[in-house]
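Below is one structure, written out as structure tokens; the observations come after it.
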Amino acid sequence: MRKLLFFLGALFSIVQVEGKGSVDLSHPINVIVDTDASIDDMMAILYLIKTPRIDVKAIITVGGGMTHIEMGGKNISDLLELAGRSNIPVAYGSRRSQSPAGSYPQEWKEEENNVGGIKLPKNPVQPVRERGVDYMIEQIMKNPLKTTLLCLGPLTNIATALEKAPQIKDHIERIYVAGGAILSPGNIEGRPQGFRNQVAEYNIFLDAKAADTVFTSDIPITLVPVDVAEHVPVTKEFFEKLSANRKTPSANFVYEVIKPYTRISGRDRSFFWDPLAAVLVPYPELATYRNLKLTVNLKKGPEYGRLIMTKVGANTQVATGIDAKAFYATFLESLNRPVNFKQNHNESK
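Take 29 as the starting number for the sequence shown in my numbering and just add one per residue.
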């Protein structure tokens, strides 16, 4: 949840809008979620697994982010039990960043490892798998349809998969990345590497080398940066609607998660950053975008991990604005949707 708290400065409202996205509705979107298993990631996952347009094939955890990888995998597995989707495979991915640069503050990580004190039911269906990167490659290659990746943490797993099996590029529809800062200041706390960094964002900063590999891969990418997160704060209005309309354990989980943050205002407000990235997978038309060519600054110093706009390379579709009213509506509707897929039905009992 702590990743939601930091947004400072300029809005993308001053940036020219260059178009909207669209999605093929003729079949469900095959999605693999790559996550550092923070609480805001959990909310995003709940949205996806309750959305009929989406077929979540696997969830891969990544180390070097918000949670310890073993605890994160266990928490995600238990979250799936709560949501009635305990059959979705969960696997441990890379345990260390390709380019370690620091970490989140320890007190944040402890809170996330403990899911903010919320007790989740144990998942008895299957253990968390090992070798998550290999499992990701296997799932991408065996599916007759292209796979969409939603990345909610450092990009270590994706970069490692591309290095091990570059042929997966042709089987990836699009990569959605929740991360980065374009016009807004970053969110790095303290002085990692001995510098005060005010321009980078954690998901990019914690494995800048991997992020650069992904952004220069020529795979279609949609970036949901911190700049656009301020458009979807955790509001008292949304909380009250959720409080009055909690029909499933998933909705109740989100209610308990956001309850402490509805009393916070100003610069420490919370935002639905990762859920926003998740909602744009089936509903890209809810956002406006600008195409930018991006690389990552890999030079050690106060701008390490910064996203840099260049004039060469492939375009990244960067979200610049969002229909906030539609976001809140689809997020709430999905949380309260009973499980009616041909899968598990714990929530509909």
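We put the beta carbon where it would ideally sit given N, CA and C, even for glycine.
How should residue i be labelled, buried or exposed, when 16 other C-beta atoms within 10 angstroms of its C-beta is the threshold for buried?
i	result
residue 119	buried
residue 337	exposed
residue 219	exposed
residue 42	Below a pLDDT of 50, predicted positions are generally treated as unreliable, and residue 42, at 30, falls in that range; the measurement from the model is reported next regardless. It is exposed - the Cβ of residue 42 has fewer than 16 other Cβ atoms within 10 Å.
residue 272	exposed
residue 106	buried
residue 155	exposed
residue 223	exposed
residue 159	exposed
Contact check, residue i vs residue j under 8 Å by CB: the rounded distance?
i	j	result
residue 384	residue 309	In the structure displayed, the chain extends from 29 to 377; residue 384 sits before or after that span and is not available.
residue 63	residue 97	Not confirmed; about 11 Å, so no contact.
residue 236	residue 324	5 Å
residue 234	residue 129	6 Å
residue 212	residue 262	About 18 Å separates the two Cβ atoms, so there is no contact after all.
residue 364	residue 275	4 Å
residue 334	residue 256	Contact flag wrong, Cβ pair sits at about 17 Å.
residue 4	residue 57	Nothing in the structure corresponds to residue 4, since the chain is present only between 29 and 377.
By alpha-carbon positions, which one of the options ends up nearest to residue i?
i	options	result
residue 65	93, 55, 125	93
residue 101	260, 238, 123	123
residue 354	366, 113, 286, 260	260
residue 229	351, 132, 71	132
residue 267	238, 299, 250, 243	299
residue 170	208, 265, 195	195
residue 146	58, 356, 322, 287	287
residue 188	167, 241, 81, 350	241
residue 127	58, 158, 173, 232	232
residue 345	329, 144, 319, 356	319
residue 322	210, 282, 277	210
residue 173	55, 357, 366, 360	55
residue 243	186, 116, 358, 285	186
Grab me the residues of residue i's own chain with a C-beta within less than 6 Å of its C-beta, minus the 5 sequence neighbours each way, in chain order.
i	result
residue 305	204, 206, 252
residue 85	58, 60, 167
Going along the chain, which residues of its own chain have a beta-carbon closer than 8 Å to the beta-carbon of residue i, five neighbours each way excluded?
i	result
residue 22	Given a span of 29 to 377 for the chain in the structure shown, any question on residue 22 remains unanswerable.
Give every residue of the same chain whose Cβ lies closer than 7 Å to the Cβ of residue i, excluding the five residues on either side of it in the sequence, and list them in chain order.
i	result
residue 165	189, 192, 193, 196
residue 269	360
residue 182	64, 90, 92, 93, 125, 231, 234, 235, 238
For residue i, would you say it is in contact with chain D, using Cβ-to-Cβ distances shorter than 8 Å as the test?
i	result
residue 238	The displayed structure is made up of one protein chain only, and chain D is not part of it.
Exercise. Within the stretch 248-289, note down every full alpha helix (DSSP H) run reaching 4 residues or more, in order along the chain.
Key: Complete alpha helix (DSSP H) runs here, min 4: 254-257, 264-272, 277-286.
Exercise. Could you tell me which uninterrupted alpha helix (DSSP H) segments, each at least 4 residues in length, are contained entirely in the stretch 49-116, listed from first to last along the chain?
Key: Entirely contained in the stretch 49-116, the alpha helix (DSSP H) runs reaching 4 residues are, in chain order, 67-77, 97-111.
Quiz prompt | Length at least 4, wholly inside the stretch 165-205: the alpha helix (DSSP H) runs in chain order | solution = Segments of the alpha helix (DSSP H) lying fully in the stretch 165-205: 184-192.
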